[in-house]
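Numbering (my numbering), first residue to last: 7 to 67.
Laid out in structure tokens, this is it:
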């Protein structure tokens, strides 16, 4: 299945456990932003993980 990158409007990243895992997972965002520049990135996590992501301007919600 080929992904048409121009049609991707939103990306949801999910990491529910461990603030350290949430922080380590942020390394993928550079590639996501390069490959899907028009997409909004959302991140689903628990409250401690939210704290780690609050100052990242490229996270939509």
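All C-beta atoms in this analysis are idealised placements derived from N, C-alpha and C, irrespective of residue type, glycine included. Computed from a predicted model, the values in this text were never measured in an experiment.
In this structure, the CA atom of residue 10 is about 27 Å from the CA atom of residue 51. If you look at residue 22, you'll find it isn't in any alpha helix (DSSP H); DSSP assigns it neither H nor E. Between residue 55 and residue 8, the alpha-carbon positions lie close to 32 Å from each other. Take the alpha-carbon of residue 34 and the one of residue 23: they are about 17 Å apart.
In the three-state scheme derived from DSSP, where H, G and I count as helix and E and B as strand, residue 46 is classed as strand.
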